[in-house]
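Heads up, the thing below is written out as structure tokens.
In the numbering used here, the protein residues as written are 1 to 486.
This is the structure in structure tokens:
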């Protein structure tokens, strides 16, 4: 019985290994010591699997059945820029990668999967230009890319329709997201003809729908226009819409778990949620395919709306013309898009929202004896990179004092110089006398959340002054109102 058990274990082990997939690389052009990375692809999103270093002209990856997806991405770097190829896989097969160039985009792949050979047809058709594109100056790349794209479209017109054909068409169609400094309008005519040649069954596939969305782009969201809604799903599969949210400000956060800046930005939203929960609804919208989104949602604490339209880059991301991550769309309580912006600087979003919400606080003016207090003074322009806000101005016979809330980048310093001044509408300047909460001329480091308060005292200003401008070197807040009728 013991011998039978051993034989069973050997057979089971062999069967398990038989399901493993292998990517074996042979390098004739990439030097030893160069790292090569492999990613598991879900739609257009990827998850890092492993990295290997070329040794003696070889590299190798072995994956069990749970790691293998229909599509992998193999990557290397050329002059600091990522280059790579898609590898089509299934459990138990072996593919060979011929790294015969420093540019991974043109590595040849030997595979038993026919789709690989079909996609390689496009690479081989423009191999010379792909290498030229990767090594050219940025000024020349657009014209080279134009030729590659037109070659691909012309080749599509000659080939029979297949899964690889549909994938290539949708990839070309997605170039509509690139700024119109290339010849996309000319390419678009070619793509329209290719799409028109598709059967209804082909158009109903995911790649067909993606091609349609980019070639025949639906109405896109614009600033100063009403927002555009969509069908969204939460992590439990429940249907949602932006229209169901309360009549507050809304922040749509477009992100992906594969983007480092995106995941960092998601974490920063916790502080924004705490600060503005009464005035702001936050909706994180993921570009990830569902499996990656679910995994990312388990690892990131999001105590706000976490949605996905299950269309990756061709649904709501196409509607809002998202080209970089993270991108934010801000919608006011009336349903108008006030901003669509890309931002990766740590703390920027909090600074920006702080400026926006401060401008909406009601202004109050009160007088007691010879002292006038202005709370939340209105202003014309805040040119302090959204970092300083005047909460209160107190005018007395001996001084004029401004009380500030500062929202700054954590870990960065700021200072108030001795040249800091307020300026009345007649052009007269009154330089700072003293400060409370910050020392004039010294570097000040805000706390962990970047917030602090301080006040600055200036000489008294004329009684007939109706507004002032605060100036600190090149930064200023203009048109600070001193009377309720301003």
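The beta carbon of each residue, even a glycine, is placed where N, CA and C say it ideally should be.
Predicted model, so just to flag it, every value in this text is computed and none were measured.
For the beta strand (DSSP E) containing residue i, name the first residue and the last one.
i, result
"residue 110", "108-110"
"residue 72", "71-78"
"residue 82", "81-88"
"residue 213", "Careful: residue 213 lies outside any beta strand (DSSP E), inside the alpha helix (DSSP H) at 206-215."
"residue 340", "337-342"
"residue 469", "467-472"
"residue 364", "364-368"
"residue 392", "388-395"
"residue 451", "451-458"
"residue 94", "94-99"
"residue 234", "Premise fails: residue 234 is in no beta strand (DSSP E) and is neither H nor E."
Does the distance from the C-beta atom of residue i to that of residue j stay below 8 Å?
i, j, result
"residue 152", "residue 133", "no"
"residue 284", "residue 302", "yes"
"residue 349", "residue 272", "yes"
"residue 33", "residue 59", "no"
"residue 119", "residue 164", "yes"
"residue 148", "residue 169", "no"
"residue 173", "residue 319", "no"
"residue 45", "residue 256", "yes"
"residue 416", "residue 435", "yes"
"residue 364", "residue 376", "yes"
Measuring CA to CA, which of the options is closest to residue i?
i, options, result
"residue 380", "337, 425, 340, 87", "425"
"residue 295", "34, 27, 48", "48"
"residue 204", "81, 233, 166, 253", "166"
"residue 161", "452, 115, 288", "115"
"residue 261", "342, 460, 389", "342"
"residue 405", "429, 455, 327, 250", "455"
"residue 461", "326, 398, 472, 104", "398"
"residue 51", "43, 44, 42, 61", "61"
"residue 430", "400, 208, 334", "400"
"residue 266", "189, 347, 238", "347"
"residue 105", "93, 125, 89", "125"
"residue 142", "184, 157, 117", "184"
"residue 328", "254, 276, 373", "254"
"residue 216", "187, 79, 229, 358", "187"
"residue 452", "467, 377, 407, 28", "407"
"residue 281", "308, 300, 235, 332", "332"
For residue i, which residues does DSSP report across the bridge?
i, result
"residue 60", "24"
"residue 381", "478"
"residue 35", "53"
"residue 47", "40"
"residue 308", "233"
How is the alpha helix (DSSP H) around residue i delimited, first residue to last?
i, result
"residue 248", "Premise fails: residue 248 is in no alpha helix (DSSP H) and is neither H nor E."
"residue 260", "260-276"
"residue 151", "138-158"
"residue 443", "Premise fails: residue 443 is in no alpha helix (DSSP H) and is neither H nor E."
"residue 316", "316-319"
"residue 296", "290-299"
"residue 225", "Looking at the DSSP string, residue 225 is not in any alpha helix (DSSP H), and its letter there is neither H nor E."
"residue 131", "127-135"
"residue 257", "Unbroken run through residue 257: none, as it is neither H nor E."
Beta carbon of residue i: closer than 7 Å to some heavy atom of the ligand FMN?
i, result
"residue 275", "Here there are no bound small molecules, and the ligand FMN is not part of this structure."
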